[in-house]
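See below for the structure under consideration.
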Amino acid sequence: MTDLVIRPLVAGEEHVFDSMPDPLPQLRQVAYADGVAGGGYRPETTWVALRDDRVVGRAAWLLPPGAIGAPWLDRFDLDAEPEVGAALLHAAHEALGGPGLYYAALPAHWRRRPEVLAVVRAPMAAAQLAGLVEREERIRCSWTGTPLPASSGRYDFRTPADAAEVNALVARIAEPDVLTGVETARVVSGIDLATDPLGWLGDAVQGWRVATEAGRPVGLAGTAGDACFPLLAYLGLLDEAARPELLAEAVRVLVAGGAREVVADVEAHRVAVLAELERTGFRQLRTRVTFAPPTSSE
Numbered sequence: 001m002t003d004l005v006i007r008p009l010v011a012g013e014e015h016v017f018d019s020m021p022d023p024l025p026q027l028r029q030v031a032y033a034d035g036v037a038g039g040g041y042r043p044e045t046t047w048v049a050l051r052d053d054r055v056v057g058r059a060a061w062l063l064p065p066g067a068i069g070a071p072w073l074d075r076f077d078l079d080a081e082p083e084v085g086a087a088l089l090h091a092a093h094e095a096l097g098g099p100g101l102y103y104a105a106l107p108a109h110w111r112r113r114p115e116v117l118a119v120v121r122a123p124m125a126a127a128q129l130a131g132l133v134e135r136e137e138r139i140r141c142s143w144t145g146t147p148l149p150a151s152s153g154r155y156d157f158r159t160p161a162d163a164a165e166v167n168a169l170v171a172r173i174a175e176p177d178v179l180t181g182v183e184t185a186r187v188v189s190g191i192d193l194a195t196d197p198l199g200w201l202g203d204a205v206q207g208w209r210v211a212t213e214a215g216r217p218v219g220l221a222g223t224a225g226d227a228c229f230p231l232l233a234y235l236g237l238l239d240e241a242a243r244p245e246l247l248a249e250a251v252r253v254l255v256a257g258g259a260r261e262v263v264a265d266v267e268a269h270r271v272a273v274l275a276e277l278e279r280t281g282f283r284q285l286r287t288r289v290t291f292a293p294p295t296s297s298e
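Heads up: the sequence shown at position 65 corresponds to 65 in the UniProt record's numbering, and the numbers run straight through without jumps.
Following this line, the structure appears as structure tokens:
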């Protein structure tokens, strides 16, 4: 690696970052120049590795304006051996105050796609060589107009009385099925979407629905139609049997507000939830794998 140059960008060098072809063009990603214009990407938190003036590795950390957390590694592409990527990350970590979170965006079903594995093996290996540990995997799903299942009539759906009712139900739900944007809520505002969804979404409850059976609450869903795109932000159950109909009802709420597409994030190990999303007409859109610094016990 004697001919390798590793450095941060300087202002006006967006073209250097973009000179490396996008290895996964099928992913929906914000263009780097647009991210700089919006203030999330910054030259001093964007690093490149060059060989003979050609970019063979690039890493961009993201922190939206006004966020209270630390930047996270949002873009990391590598056209070289993993050791080059690890050297790039080590240099950046030293300058940025230490390693942080890396959210690796990947196409859906990436483990079963040889052409994707050929692209992602090197950067993922580099992240591990740089000391990061693979953690959770979350799948983003998208509904784009597939007819929704009809209601059985077993459950009723109503808007919560107020924010206090939402909070009371959230406190009873140990592990929500769907949490969309949980990483952003945590880093931008320090909010745990699983325990304080209104802290991120606001106190208005018009987009929420309580599922009841014989007057007894059995589930809670929260939608956000005025975010960057319509999404099912929260879905939690007190009775798993209510999942199919509450999920469909949440989509109907967004469709009534004009949504043509709805997104929902679910942890990859929640197989039953993923299956229900697919039965409701969602398809897997992409995956996000989290890498993090090791804990003190590791």
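Don't be surprised by glycine CBs; every beta carbon is placed ideally from N, CA and C.
The structure presented is a predicted model; accordingly, all values stated were derived computationally and were not measured.
Exercise for the section: Per DSSP, which residues does Asp265 bridge with? Please list them. Expected result: DSSP links Asp265 through a beta bridge to Arg140.
Handout entry: Beta-carbon spacing of Asp77, Asp3 below 8 Å
Key = One thing to note: Asp77 has its Cβ no nearer than 8 Å to the Cβ of Asp3.
Practice task
Answer yes or no: do Tyr103 and Glu183 have a C-beta to C-beta separation smaller than 8 Å?
Solution key: Contact: yes.
Exercise for the section: Identify which residue in Leu27, Ser151 and Val84 has its Cα closest to the Cα of Trp110. Expected result: The residue with the shortest Cα to Cα distance from Trp110 is Leu27.
Exercise for the section: Return yes when the Cβ of Val170 is within less than 8 Å of the Cβ of Leu231, no when it is not. Expected result: No; because the gap between Cβ atoms is not below 8 Å, this pair is not in contact.
Practice task
Can you give me the Cβ contacts of Ala163 inside the same chain, cut-off strictly under 8 Å, excluding the 5 residues immediately before and after it?
Solution key: Once the five neighbours on either side are set aside, the close Cβ partners of Ala163 are Leu198, Asp203 and Val205.
Handout entry: CB of Glu175 within 8 Å of CB of Val289, strictly
Key = Not closer than 8 Å, so no.
Handout entry: Completely contained beta strand (DSSP E) runs for the segment 125–199, where each covers 3 or more residues
Key = Entirely contained in the segment 125–199, the beta strand (DSSP E) runs reaching 3 residues are, in chain order, 133–143 and 156–158.
Practice task
Classify Glu261 as buried or exposed, calling it buried when 16 or more other Cβ atoms lie within 10 Å of its own Cβ.
Solution key: The Cβ neighbour count for Glu261, taken over all protein chains shown within 10 Å, is under 16; the residue is labelled exposed.
Problem - Own chain partners of Gly207 with C-beta closer than 7 Å, once the 5 adjacent residues on each side are dropped - result: If the five residues before and after Gly207 are omitted, its C-beta is found closer than 7 Å to the C-beta atoms of Gly222, Thr223, Ala224, Gly225 and Val253, all from its own chain and listed in chain order.
Problem - Three-state secondary structure (DSSP) of Glu245 - result: Three-state DSSP puts Glu245 in a helix.
Exercise for the section: Give the straight-line distance between the Cα atoms of Arg279 and Ser151, rounded to the nearest whole angstrom. Expected result: Whole-angstrom Cα-Cα distance: 14 Å.
Handout entry: Secondary structure, beta strand (DSSP E): runs of 3+ residues fully inside the segment 203–248
Key = Along the length of the segment 203–248, whole beta strand (DSSP E) runs at least 3 residues long occupy 208–213, 216–224 and 231–237, reported in chain order.
Practice task
Helix, strand or coil for Leu24, going by three-state DSSP, please let me know.
Solution key: Taken through DSSP and simplified to helix, strand or coil, Leu24 comes out as coil.
Problem - Exposed unless 16 or more other CB atoms sit within 10 angstroms - verdict on His93 - result: Around the CB of His93, 16 or more other CB atoms lie within 10 Å, so the residue is classed as buried.
Practice task
Assuming Ile6 and Ala87 form a contact by the criterion Cβ under 8 Å, report the distance between their Cβ atoms to the nearest whole angstrom.
Solution key: Confirmed, about 6 Å.
Exercise for the section: Would you tell me roughly how many angstroms separate the C-alpha atoms of Gly281 and Gly145, rounded to the nearest one? Expected result: Looking at the two C-alpha atoms, the distance is approximately 8 Å.
Practice task
Using a threshold of 8 Å, state whether the C-beta atoms of Ala11 and Pro43 are closer than that.
Solution key: With respect to Pro43, Ala11 sits close: the two C-beta atoms are nearer than 8 Å.
Practice task
With DSSP as the reference, label Ala122 as helix, strand or coil.
Solution key: Residue state, collapsed to three classes: helix.
Exercise for the section: Output the distance between the C-alpha atoms of Val55 and Tyr32, rounded to the nearest integer angstrom. Expected result: Separation of Val55 and Tyr32 (C-alpha to C-alpha, rounded to the nearest whole angstrom) is 15 Å.
Exercise for the section: Please report how far the alpha carbon of Ala125 lies from the alpha carbon of Gly66, in whole angstroms. Expected result: In a straight line, the C-alpha of Ala125 is about 32 Å away from that of Gly66.
Handout entry: Distance between beta carbons of Val48 and Val16, contact taken as under 8 Å
Key = Correct: roughly 6 Å between the Cβ atoms.
Exercise for the section: Look up Trp110 in the DSSP assignment and give the residues it is bridged to. Expected result: Partner(s): none; Trp110 has no beta bridge.
Problem - Pro82 in three-state terms, based on DSSP - result: Helix at Pro82.
Handout entry: Cβ-Cβ separation, Asp265 to Val178 (assumed contact under 8 Å), whole Å
Key = Between the beta-carbon of Val178 and that of Asp265 there is about 7 Å, and that keeps the pair under the 8 Å contact cut.
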